[in-house]
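Just so you know, the protein sequences line up as chains A and B, in that order.
Once you know that position 70 of the first sequence is 74 in our numbering, the rest is easy, because the numbers rise by one and skip nothing.
Once you know that position 309 of the second sequence is 313 in our numbering, the rest is easy, because the numbers rise by one and skip nothing.
For reference, the structure discussed in these notes is given below.
2 protein chains.
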Amino acid sequence: MTAIKYELIKECSKTGARAGKIHTPHGSFDTPMFMPVGTQASVKSVSPEELKDMGAGVILSNTYHLFLRPGEDLVKEAGGLHKFMNWDQAILTDSGGFQVFSLGDLRKITEDGVTFRSHIDGSKKFLSPEVATKIQMDLGADIIMAFDECVPYPADHDYTKQSTQRTTRWAKRCKDTLTRTDQGLFGIVQGGMYKDLRTMSVNDLKEMDFPGYAIGGLSVGEPKDLMYEILEHTVCQLPKDKPRYLMGVGTPDCLVEGVQRGIDMFDCVFPTRVARNGTAMTWMGRLVIKNAEYTRDFRPIDEHCGCYACRNYSRAYIRHLVRVNEIFGLRLMTIHNLYFLLDFMRKMRESIMEDHFVEFQNKFLANYSH
Amino acid sequence: MTAIKYELIKECSKTGARAGKIHTPHGSFDTPMFMPVGTQASVKSVSPEELKDMGAGVILSNTYHLFLRPGEDLVKEAGGLHKFMNWDQAILTDSGGFQVFSLGDLRKITEDGVTFRSHIDGSKKFLSPEVATKIQMDLGADIIMAFDECVPYPADHDYTKQSTQRTTRWAKRCKDTLTRTDQGLFGIVQGGMYKDLRTMSVNDLKEMDFPGYAIGGLSVGEPKDLMYEILEHTVCQLPKDKPRYLMGVGTPDCLVEGVQRGIDMFDCVFPTRVARNGTAMTWMGRLVIKNAEYTRDFRPIDEHCGCYACRNYSRAYIRHLVRVNEIFGLRLMTIHNLYFLLDFMRKMRESIMEDHFVEFQNKFLANYSH
Chain A
5 MTAIKYELIK ECSKTGARAG KIHTPHGSFD TPMFMPVGTQ ASVKSVSPEE
55 LKDMGAGVIL SNTYHLFLRP GEDLVKEAGG LHKFMNWDQA ILTDSGGFQV
105 FSLGDLRKIT EDGVTFRSHI DGSKKFLSPE VATKIQMDLG ADIIMAFDEC
155 VPYPADHDYT KQSTQRTTRW AKRCKDTLTR TDQGLFGIVQ GGMYKDLRTM
205 SVNDLKEMDF PGYAIGGLSV GEPKDLMYEI LEHTVCQLPK DKPRYLMGVG
255 TPDCLVEGVQ RGIDMFDCVF PTRVARNGTA MTWMGRLVIK NAEYTRDFRP
305 IDEHCGCYAC RNYSRAYIRH LVRVNEIFGL RLMTIHNLYF LLDFMRKMRE
355 SIMEDHFVEF QNKFLANYSH
Chain B
5 MTAIKYELIK ECSKTGARAG KIHTPHGSFD TPMFMPVGTQ ASVKSVSPEE
55 LKDMGAGVIL SNTYHLFLRP GEDLVKEAGG LHKFMNWDQA ILTDSGGFQV
105 FSLGDLRKIT EDGVTFRSHI DGSKKFLSPE VATKIQMDLG ADIIMAFDEC
155 VPYPADHDYT KQSTQRTTRW AKRCKDTLTR TDQGLFGIVQ GGMYKDLRTM
205 SVNDLKEMDF PGYAIGGLSV GEPKDLMYEI LEHTVCQLPK DKPRYLMGVG
255 TPDCLVEGVQ RGIDMFDCVF PTRVARNGTA MTWMGRLVIK NAEYTRDFRP
305 IDEHCGCYAC RNYSRAYIRH LVRVNEIFGL RLMTIHNLYF LLDFMRKMRE
355 SIMEDHFVEF QNKFLANYSH
């Protein structure tokens with residue numbers, strides 16, 4: 005019995021792209037899918053109902069942040085993350101590894117785990133494969149992640165090898181800790197920019213037979229061509245009957261490249277973060293709503309977009325709200341960007357179903373400016 | 005022909021309280037009514053749909069702020085304020101007088117009008133009865149307000165008399181400026197804390213036969229008893245067949261006292277402002293959601309409240325969101341406070357309709373702690 009089941013529905017005849025469905029204890033969602041990020045048990049500024057309206061079937065939340073505030077014990081007492089935040093569809097939690105390793109000088113790594121200081125009050129904390137898994141069991145997400153080290157870029161072959169092997173040992177300890185049968189634990193492939201280490205990581209993890217595999221350690225500062233090369237090398241070695249998740253990637257061009265190589269799931273704070281900075285995502289590229297040219301522009305952000313913001317409000321109005329720091333402006337921008345990205349994934353999926361993915365990709369790239 | 009029509013439906017047999025309906029070119033709303041404030045063409049953090057769901061039939065927006073940003077010409081070009089902000093029900097705009105006079109040293113008053121410096125960029129601006137009325141014609145609200153001076157507290161009899169007489173002369177100039185027949189201009193009674201001057205102001209304004217009368221210059225720092233005394237003295241001299249609007253008042257105790265004396269309309273930033281500071285309004289008094297006692301309190305803010313926040317979220321969750329500065333927390337708090345106040349007015353109106361207003365008032369005061 006496994007909590008997470010991947011159903012492969014259609015493969016592209018020309019690329020690695022594939023359409024599928026992931027079944028979880030809190031409903032199913034179509035893939036390829038983008039997962040909006042609700043760092044602190046809330047996708048910034050929007051409601052669960054708004055997320056459902058835009059077609060989000062799964063969201064991501066962060067173990068590191070919830071561990072610090074409000075604490076996983078409180079979330080457990082509330083009945084778990086779904087109930088706490090009023091979201092009855094699928095949730096994925098990361099392991100906290102990425103955030104902890106990002107703390108730099110504030111953390112110390114041993115084989116056992118990572119000691120670090122809270123970025124909020126400086127208090128001493130400890131995360132390990134066991135602790136991270138137990139926290140995620142208390143939170144109760146449908147998909148949980150193994151505790152790993154995201155190898156920084158650049159890193160030499162020696163360090164990357166040691167780190168990747170430790171990540172594999174940690175994955176085993178996570179698996180041994182998990183006792184809930186309604187949660188699926190994904191292994192995370194590391195290996196930096198070294199193909200031999202990526203292969204090693206994939207093979208080691210495959211032996212443990214996880215219900216899904218994530219690819220970590222990409223989009224960490226390396227050139228995009230290198231990222232795509234490592235991605236391609238890695239994905240094609242992963243089992244076909246399990247979901248594949250590319251962590252921390254969410255710009256349209258990277259999403260297309262990821263799907264082309266066979267990725268099913270993505271997450272990124274990009275669409276919600278740039279929304280709050282006044283940048284709208286469109287099929288043509290980015291639109292900076294604060295620019296003077298939109299002062300008296302009474303068209304919607306995107307005339308072909310079906311989101312709540314585009315159906316009801318003009319660029320001029322949203323620009324006004326953003327300029328005067330009205331919260332509703334951030335909300336409209338966030339709704340637009342998430343809707344755009346979810347719609348983008350829907351259309352990409354449709355193109356795979358109709359075996360027109362390459363045409364979709366070419367048309368997108370012809371219109372999109374970076 | 006008049007744009008605004010007041011329909012008196014029921015009078016309390018023991019107090020001055022009354023239930024009615026105000027008809028505007030953008031629909032009708034029941035009175036007594038509280039008007040949520042959308043200072044910059046947005047009721048902070050909430051959508052028009054959310055406002056309708058909680059029963060708001062009229063909102064207020066501020067001429068001073070819209071004059072500075074985005075400018076009334078832009079709003080006019082957008083098709084007016086209703087269309088600009090996607091609100092198809094009634095809107096009231098103030099005249100900008102209150103904000104301009106609040107600028108203190110930054111403004112200079114003459115018989116002609118007020119020269120002031122923008123609080124945003126320091127640029128020199130001018131508002132007068134004619135300018136304020138023309139701006140409000142461009143904005144296109146259903147109910148617009150005469151340009152007045154809100155007499156500060158305390159002020160001596162001489163100054164108050166001069167200022168009040170000027171406000172009356174300005175009201176005449178506003179009336180002469182208004183050419184749109186789909187807007188109703190309300191006169192504003194001033195007179196400070198002096199009964200003779202309040203009587204003078206009422207009589208002078210009544211001669212001009214406005215479709216509604218506001219009472220300004222109260223709730224400006226004077227003791228509440230004095231406010232109620234002046235209010236009572238003023239309201240009973242106003243015509244029965246016109247709506248009466250008490251400006252800038254929005255705490256539950258003041259709303260009850262105002263309704264008791266015959267007020268039909270209220271506005272205040274209080275419910276939305278304290279919401280953003282983490283204070284919820286309830287029938288028992290204020291609830292400070294950040295307090296430690298709510299950390300593991302999984303009940304809603306108010307178990308008897310029917311608002312979206314109380315139907316779906318716990319005190320513990322909302323407390324978490326507010327503590328970690330999540331925008332959705334402000335949204336839930338704002339929704340709760342506005343719903344509470346609109347529900348409070350609905351129940352007060354029902355008590356008038358059933359001639360149980362005094363019982364409502366006594367029961368409310370017995371349970372409410374300040």
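For glycine and all other residues, C-beta sits at the position ideal for the given N, C-alpha and C.
Item: My assumption, with CB atoms under 8 Å, is that Ser223 of chain B sits in contact with Gly191 of chain B. Please give the rounded CB distance.; Value: Not a contact, Cβ separation roughly 19 Å.
Item: Does the Cβ of Thr185 of chain B have 16 or more other Cβ atoms within 10 Å, making it buried, or fewer, making it exposed?; Value: exposed
Item: At a CB-CB cut-off below 7 Å, which residues of chain B make contact with Val328 of chain A?; Value: Gln44 and Arg73
Item: Using a Cβ-Cβ distance cut-off of 8 Å, determine whether Ile331 of chain B contacts chain A.; Value: yes
Item: What whole-angstrom Cβ distance do Arg323 of chain A and Tyr298 of chain A have, given they're in contact under 8 Å?; Value: 5 Å
Item: Find the nearest neighbour of Leu336 of chain B within the set A:Leu334, A:Lys165 and A:Val50, judged by alpha-carbon distance.; Value: A:Val50
Item: Reducing DSSP to helix, strand and coil, say where Ala279 of chain B ends up.; Value: helix
Item: Please give the ranges of any beta strand (DSSP E) in the segment 166–212 of chain A, keeping only runs that are unbroken, at least 3 residues long and fully inside the region.; Value: 188–193
Item: From the DSSP output, in three-state form, read off Met285 of chain A for me.; Value: strand
Item: Who are the neighbours of Tyr232 of chain A on chain B, taking C-beta pairs under 9 Å?; Value: Simply none; closest approach about 35 Å.
Item: Measuring alpha carbon to alpha carbon, tell me which residue in A:Leu107, A:Gln44, A:Gly282 and A:Leu78 is nearest Ile331 of chain B.; Value: A:Gln44
Item: What are the boundary residues of the alpha helix (DSSP H) that His86 of chain B is part of?; Value: Leu85 to Met89
Item: How far does the beta strand (DSSP E) with Thr28 of chain B in it reach, from first residue to last?; Value: Arg22 to Thr28
Item: Which residues of chain B have a Cβ atom closer than 7 Å to the Cβ of Asn316 of chain A, listed in chain order?; Value: Asn90
Item: If I follow the unbroken beta strand (DSSP E) through Met357 of chain A, where does it start and stop?; Value: Met357 of chain A -> not in any beta strand (DSSP E); alpha helix (DSSP H) instead, spanning Ile331 to Met357.
Item: Could you pull out every residue in the same chain whose Cβ sits closer than 8 Å to the Cβ of Lys80 of chain A, ignoring the five residues on either side in sequence?; Value: Asp142, Leu143 and Gly144
Item: Check whether the segment 243–251 of chain B and the segment 212–230 of chain B touch, using three or more Cβ-Cβ pairs below 8 Å as the test.; Value: yes
Item: Would Lys199 of chain A pass as an interface residue toward chain B - the criterion being a Cβ-Cβ separation below 8 Å?; Value: no
Item: Which stretch, first to last residue, makes up the beta strand (DSSP E) that contains Glu15 of chain B?; Value: Lys9 to Glu15
Item: If contact is defined by three or more beta carbon pairs under 8 Å, each pair taking one atom from either stretch, is the segment 351–369 of chain B in contact with the segment 14–27 of chain B?; Value: yes
Item: Give a yes or no on whether 8 Å exceeds the smallest Cβ distance from Val300 of chain B to chain A.; Value: According to the sequence displayed, residue 300 of chain B carries Arg and not Val. Answer yes: the Cβ-Cβ gap between Arg300 of chain B and chain A drops below 8 Å somewhere.
Item: What whole-angstrom Cβ distance do Glu11 of chain A and Gly24 of chain A have, given they're in contact under 8 Å?; Value: 5 Å
Item: Taking C-beta to C-beta, are Thr171 of chain A and Asp146 of chain A nearer than 8 Å?; Value: no
Item: Beta carbon of Met212 of chain B, beta carbon of Lys176 of chain B: below 8 Å?; Value: yes
Item: Taking C-beta pairs closer than 9 Å, name the residues in chain B that Ala82 of chain A reaches, listed in chain order.; Value: Arg300, Phe302, Ser318, Ala320 and Tyr321
Item: Could you tell me the distance, in whole angstroms, from the CA atom of Ala320 of chain B to the CA atom of Arg300 of chain B?; Value: 5 Å
Item: Of the residues B:Trp174, B:Lys165, B:Tyr232 and B:Leu230, which one's Cα is nearest the Cα of Asp200 of chain B?; Value: B:Lys165
Item: Out of B:Asp125, B:Gly83 and B:Ala150, which one is the CA nearest neighbour of Asn66 of chain B?; Value: B:Ala150
Item: Which partner residues of Ser32 of chain A appear in the DSSP bridge assignment?; Value: A:His27
Item: Pick helix, strand or coil for Tyr217 of chain A, following the three-state DSSP scheme.; Value: strand
Item: Given a cut-off of 8 Å, decide if Met39 of chain B and Phe270 of chain B are closer than it, judged by their beta-carbon atoms.; Value: yes
Item: Whose CA, out of A:Pro256, A:Gly262, A:Thr255 and A:Asp347, lies closest to the CA of Thr238 of chain A?; Value: A:Gly262
Item: Going by DSSP, name the residue or residues bridged to Ser373 of chain A.; Value: A:Gly289
Item: Could you name the residues of chain B that Lys48 of chain A contacts, counting a contact when the two beta carbons are closer than 8 Å?; Value: Glu330, Ile331 and Phe332
Item: Quick check: is the beta carbon of Ser51 of chain B nearer than 8 Å to any beta carbon in chain A?; Value: yes
Item: Given this structure, state the Cα-to-Cα distance separating Lys294 of chain A from Arg280 of chain B, to the nearest angstrom.; Value: 25 Å
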